[in-house]
Amino acid sequence: MATPLRSNSRLSTAMERTGQWVFSQEIPTDVIVEVGEANFNLHKFMLVAKSNYIRKLIMETTEADLTRINLSEIPGGPEIFEKAAKFCYGVNFEITVHNVAALRCAAEYLQMTDKYCDNNLAGRTEDFLSQVALSSLSGAVVVLKSCEDLLPMAEELKIVQRCIDVASARACNEASFPCRTPPNWWTEELSILDVELFGRIIGAMKQRGAKPLTIATALITYAERWLRDLVRDHSGNGIKCSEPIDSDLRIQQRELLESIVQLLPAEKAAFPIHFLCCLLRCAIFLKASSACRNEVEKRISLILEHVTVDDFLVLSFTYDGEKLFDLDSVRRIISGFVEKEKSMAVFNGGDFREVSSSAMQRVAKTVDAYLAEIATVVELSISKFNGIANLVPKGARKVEDDLYRAIDIYLKSHPNLDEIEREKVCSSMDPLKLSYEARVHASQNKRLPVQIVLHALYYDQLKLRSGGADDRNQPDAVTTRNQLQADVSLVKENEALRTELLKMKMYISDMQKNNQTGTSSKSIGTRKPTFFSSMSKTLGKLNPFRHGSKDTSHIDDNLGVDVAKPRRRRFSIS
């Protein structure tokens with residue numbers, strides 16, 4: 026496989042150098058060797074002495090005098106052929122770790138082997154590979170890097186496999202017994218390779234028993250090198266990604282990312298969760314395959330108790346920090362963690378509905394803080410907000426002050442919501458789990474729907490009635506909630522009856538004004554009010570606020586009645 030063609034200036038320089046040592050032989054050249062755009066004027070007998078391939082070309086040609094030979098397919102291109110020609114002429118040149126693989130492949134291509142001629146180029150390059158290049162990790166990696174342009178011949182000659190064996194063995198040894206600083210220097214060495222060759226080294230290290238953390242360290246370094254602008258930008262305030270998603274660069278990055286994810290070790294907790302979140306954001310941005318995204322999401326779910334709000338925000342916003350990503354990945358991650366906790370609770374013989382692990386409580390607190398951060402985003406819908414909030418089991422939130430704070434921020438950032446929409450936002454919160462300070466704040470919060478304010482105030486009234494000031498002396502939340510629901514239903518029923526009573530009184534008052542007969546008017550005025558007055562007193566006994574502002578037993582029947590419909594008011598405790 027020929028290397029890409031060099032620039033014309035370099036070709037001219039190569040031909041000029043070749044001409045200097047060829048013409049010094051004082052014998053006219055008789056063949057022109059074409060390698061790409063470069064032409065080399067050489068002597069047949071010097072080439073034939075070392076190259077069996079050129080000898081066959083000259084002997085098998087049908088031309089009377091072969092004057093041109095095309096060797097454009099030689100591995101390494103013009104520069105490597107120049108060194109091979111020098112070897113034929115006995116001119117000294119330097120073999121290095123950068124050109125030894127190409128020289129070995131060129132020697133094979135030209136059939137410059139020891140079988141054809143003793144101490145030939147193939148033997149010289151093999152000696153250098155064994156004694157120098159493959160004696161260190163750095164040398165093996167450089168040789169392997171040079172093989173990327175020499176495939177498949179370098180593979181056929183076993184150069185690639187030999188480099189992989191040496192590099193993997195040396196890397197495992199350095200990871201276990203570092204002899205240089207910094208200890209992870211070897212990961213930087215491996216990161217220069219193409220992902221396919223890098224993956225083969227990682228596979229060889231796994232077969233040698235390398236620890237998952239060792240593999241993870243190499244993969245993190247590799248990802249940060251080749252996906253630098255995507256993985257290393259952790260802040261969410263990075264540069265704008267001007268490259269279109271379907272550009273060649275983004276396509277290459279997508280393929281590279283999917284290859285890296287396939288190399289992740291089986292140990293799920295080998296990677297820091299922050300790196301996994303950055304990797305997932307990269308997958309979302311590059312529109313990687315669903316298999317790639319699902320694999321990273323599963324790994325994050327398994328160690329979600331270590332997640333921070335910043336990690337969640339990495340997943341949620343684009344690289345410029347201006348746009349909210351699709352939150353489906355966040356929902357799947359939280360849901361996966363909850364399912365894992367349920368399985369563990371069932372396995373341990375517990376009931377997940379009642380028992381909540383410390384890990385689940387930490388995640389619940391982080392989720393609530395995360396909701397508070399994204400609540401200010403205008404395009405965040407109620408369904409998405411509640412969708413994330415409701416993923417956390419009720420038992421995981423002992424106190425819901427953090428969730429209340431997130432809801433309050435959401436309501437403040439979305440002031441145009443009507444009463445029903447605000448009730449939907451608050452539906453994920455249990456007012457009975459608010460602390461005393463939060464309930465005081467809620468009772469004065471005009472952004473909350475009336476029902477939530479009523480719950481907060483009425484809970485405190487129940488506490489005052491029972492004569493207890495300590496939450497620990499109160500009935501559990503289930504009992505209190507049932508009692509509150511019954512009382513609220515009674516309040517609503519009482520309000521409906523009171524409204525009907527007021528309507529009837531208005532009707533009677535109109536009849537009194539329109540009746541011209543004094544006797545009938547007096548009869549109605551003395552009989553009917555007494556009947557409705559007794560009814561009002563009877564209904565008032567159903568009122569839980571009988572001794573408060575809602576008691577109607579003291580209303581004078583002879584007073585005028587305001588015909589305006591009473592407005593809904595928040596209750597307050599002075």
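Residue numbers for the sequence shown, in the numbering used here: 26 to 599.
Backbone N, C-alpha and C define an ideal beta-carbon position, used for all residues, glycine too.
Distance, residue j Cα to residue i Cα
i      : j      : result
Tyr395 : Arg324 : 20 Å
Ala308 : Phe342 : 13 Å
Val371 : Ser381 : 12 Å
Asn540 : Ser534 : 10 Å
Arg279 : Gly148 : 42 Å
Leu96  : Phe118 : 21 Å
Asn415 : Arg523 : 38 Å
Arg195 : Asp254 : 30 Å
Met230 : Pro203 : 16 Å
Glu214 : Ala235 : 17 Å
Asp443 : Asp336 : 33 Å
Gln232 : Ser161 : 20 Å
Ser163 : Ser201 : 17 Å
Val465 : Ile477 : 12 Å
Glu330 : Arg387 : 6 Å
Lys140 : Thr242 : 45 Å
Glu180 : Ser216 : 20 Å
Lys293 : Leu305 : 15 Å
Gly101 : Glu249 : 30 Å
Lys449 : Ser368 : 30 Å
Pro208 : Ala126 : 29 Å
Thr212 : Arg205 : 12 Å
His439 : Arg447 : 10 Å
Pro53  : Leu175 : 34 Å
Residues near residue i in its chain [Cβ-Cβ closer than 8 Å; skip 5 each side]
i      : result
Leu459 : Val424, Glu425, Asp426, Tyr429, Ala467, Ala481
Thr92  : Asp55, Val56, Ile57
Phe397 : Phe is not the amino acid found at residue 397; the sequence shown has Ala there. These residues qualify, in order along the chain: Asp427, Arg430, Ala431, Ile434.
Leu311 : Leu255, Ile270, Arg275, Gln278, Arg279, Leu282
Cβ-heavy atom distance, residue i to the ligand FMN, below 7 Å
i      : result
Leu338 : By its list of ligands, the structure shown contains no ligand whatsoever, and the ligand FMN lies outside what it can speak to.
Check whether residue i and residue j have beta carbons under 8 Å apart
i      : j      : result
Met454 : Ile434 : no
Val332 : Cys303 : no
Ser193 : Leu135 : no
Val185 : Ala158 : no
Lys409 : Leu352 : yes
Ile79  : Ile99  : no
Leu218 : Leu252 : no
Ile245 : Ile227 : no
Val146 : Ala109 : The sequence shown places Leu at residue 146, rather than the Val named in the question. Yes, the pair counts as a contact, with Cβ atoms nearer than the cut-off.
Leu128 : Glu173 : no
Glu366 : Ala389 : no
Distance between beta carbons of residue j and residue i, contact taken as under 8 Å
i      : j      : result
Cys130 : Leu182 : 7 Å
Cys451 : Pro474 : 6 Å
Cys317 : Leu282 : 7 Å
Glu322 : Ile358 : 5 Å
Phe669 : Ser326 : In the structure as shown, the chain starts at 26 and stops at 599, and residue 669 therefore has no counterpart that could be examined.
Ile413 : Val392 : 7 Å
Pro103 : Val60  : 5 Å
Neighbourhood of residue i by C-beta, 7 Å cutoff - its chain only, sequence neighbours within 5 removed
i      : result
Arg225 : Ile189
Leu405 : Leu349, Ile399
Lys437 : Arg472
Trp210 : none
Val73  : Ile79, Arg80, Ile83
Contacts around residue i, its chain only, beta-carbon distance under 6 Å, and the 5 residues preceding and following it disregarded
i      : result
Leu238 : Ala295
Asn124 : none
Ser360 : Leu416
Val220 : Leu281, Ser284
Ile120 : Phe153
Status (buried if at least 16 other CB within 10 Å, exposed otherwise) for residue i
i      : result
Gly493 : Here the model assigns Gly493 a pLDDT of 49, short of 50, so the residue's position is not dependable and the matter cannot be decided.
Gly573 : The pLDDT assigned to Gly573 is 46, lower than 50, so where the model puts this residue is not dependable; a value taken from the coordinates is nonetheless given after this. Its Cβ having fewer than 16 others within 10 Å, Gly573 is exposed.
Ala421 : buried
Pro177 : exposed
Ala291 : exposed
Phe70  : exposed
Ser171 : buried
Glu199 : buried
Ala521 : exposed
Glu107 : buried
Thr401 : exposed
Lys538 : exposed
Met137 : buried
Ala63  : buried
Pro456 : buried
Thr150 : buried
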